[in-house]
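*Asks:* In full-length UniProt numbering, the protein residues as written are 1 to 171.
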Amino acid sequence: MSRFRRIDPVRTRRAVDALRLPEAVFKTCPWQPRELVDTGLRQWLRCCGAALADDQVIGMPSHAVDEAWHGLILCTKRYRDFCEAAYGRFLHHFPEGDGYGGGSGVPMATQLGRTVVAWSLVADPGEDCVLWDLDVVVEVENPWGVSPERIAEVETALGEISGGSGRRARR
């Protein structure tokens, strides 16, 4: 039995929706429209709840959202309180190359595939995920992202595993 309490997706969603993002979060995140980056960060935090519930490390598909997440992490008390409210524990950040985190040794393509899976678990019916191409939309110089082909590949695998009842990681 895990020493952590079970992650409740409803609780996670409520905490994400209630999270206030002050100006400091966006200090190193200049991309516009900010509302899109805000949406991406909130979608990412919802995905993190699904990943934590399954003890998985997921990959960050957006440089812009990653910068906003770093800004949130630097608001240490706010971030700690949010993590406790959303997940019942602290959500650690394991940057690529850290060598210490849960993602070490797992290829980024695999971690990004897990992000697609996580989104399929937390998305509202009909909700599009802005994370996949957010960097292109906000014109990040060297955009990250997940291609439509990779999303389709993961969705197909999910459908096969679930007997065709898998949800789409809507684009």
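Don't be surprised by glycine CBs; every beta carbon is placed ideally from N, CA and C.
Mark residue 135 as exposed unless 16 or more other C-beta atoms lie within 10 angstroms of its C-beta, in which case mark it buried.
*Replies:* Classification of residue 135: buried, given that the 10 Å Cβ count is 16 or more.
*Asks:* Taking only three categories from DSSP, how would you classify residue 44?
*Replies:* It is helical.
*Asks:* Residue 108 by DSSP, collapsed to three states: which one?
*Replies:* Three-state result, residue 108: helix.
*Asks:* So does the region 22-37 actually touch the region 135-145, counting three or more Cβ pairs closer than 8 Å?
*Replies:* Contact holds: three or more Cβ-Cβ distances are below 8 Å.
*Asks:* Which value, in whole angstroms, describes the spacing of the CA atoms of residue 43 and residue 131?
*Replies:* Spanning the two alpha carbons is a distance of roughly 8 Å.
*Asks:* Tell me which residues share the same chain as residue 121 and place their Cβ nearer than 7 Å to its Cβ, disregarding the 5 neighbours each side in the sequence.
*Replies:* 50.
*Asks:* Using alpha carbons as the reference points, say which of 162, 114 and 127 lies closest to residue 40.
*Replies:* The shortest Cα separation from residue 40 among 162, 114 and 127 belongs to 127.
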